[in-house]
Amino acid sequence: AVCMYMLRCADYLADHDEEKQMLEVAFTLYRRHGLLTDALRVALRLGDEAKITGVMEECEDTHVKKQMGYILARQSTAIVEEDDEDLAEIMGNLTLSETFLGLAKELDVLEPKTPQQIYKSHLSETGT
Numbered sequence: 095a096v097c098m099y100m101l102r103c104a105d106y107l108a109d110h111d112e113e114k115q116m117l118e119v120a121f122t123l124y125r126r127h128g129l130l131t132d133a134l135r136v137a138l139r140l141g142d143e144a145k146i147t148g149v150m151e152e153c154e155d156t157h158v159k160k161q162m163g164y165i166l167a168r169q170s171t172a173i174v175e176e177d178d179e180d181l182a183e184i185m186g187n188l189t190l191s192e193t194f195l196g197l198a199k200e201l202d203v204l205e206p207k208t209p210q211q212i213y214k215s216h217l218s219e220t221g222t
């Protein structure tokens, strides 16, 4: 919660050096507590490629690394990973639409629904 407050306050600082210092502190706190996706977002905001690369290298969880790959892809920032072809595809936005289609199938939202299907009002009995 402290880091979120710091990030919001950094938007209103008049001095660029103070803003950068505030972001550096938030980055350090996120990284120290193992919140690597949040640390990556702050590193992107700082525009520090060394920090971005460091966070990616520090991450050992493949699922979190893929999530960070999607974040980097959205920001059009590519970090070269020699070993991981899946991550390279994610950062290149090569499988983005297939991933969204797969998610839509899992959530059963491919077809439009009527309000009755969404709220399932026919299942609740009211007053009778």
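At position 71 of the sequence shown (counting the first as 1) the number is 165 in the working numbering, and the numbers step up by one without a gap.
Note that CB positions come from ideal geometry on N, CA and C, so glycine has one too.
Here the structure is a predicted model, which is why all the values come from computation and not from measurement.
Open item on the list: For the segment 199 to 207 against the segment 161 to 176, do three or more pairs of beta-carbon atoms, one drawn from each stretch, fall closer than 8 Å, so that the two count as touching?
Closed with: no
Task: Per-residue DSSP class, three states only, for residue 200 - done: Residue state, collapsed to three classes: helix.
TODO: Kindly indicate the opening and closing residues of the alpha helix (DSSP H) around residue 148.
DONE: In the DSSP assignment, residue 148 falls within the unbroken alpha helix (DSSP H) covering 143 to 152.
Task: Helix, strand or coil at residue 114 according to DSSP, with G and I counted as helix - done: helix
Task: Nearest-angstrom Cα separation, counted from residue 204 out to residue 163 - done: 25 Å
Task: Pair within 8 Å by beta-carbon distance, residue 181 and residue 159 - done: Yes, the pair counts as a contact, with Cβ atoms nearer than the cut-off.
TODO: Pair every Cβ in the segment 109 to 116 with every Cβ in the segment 145 to 160, then say whether three or more of these pairs are closer than 8 Å.
DONE: no
- [ ] Note down the Cα distance separating residue 134 from residue 121, rounded to an integer number of angstroms.
- [x] 8 Å
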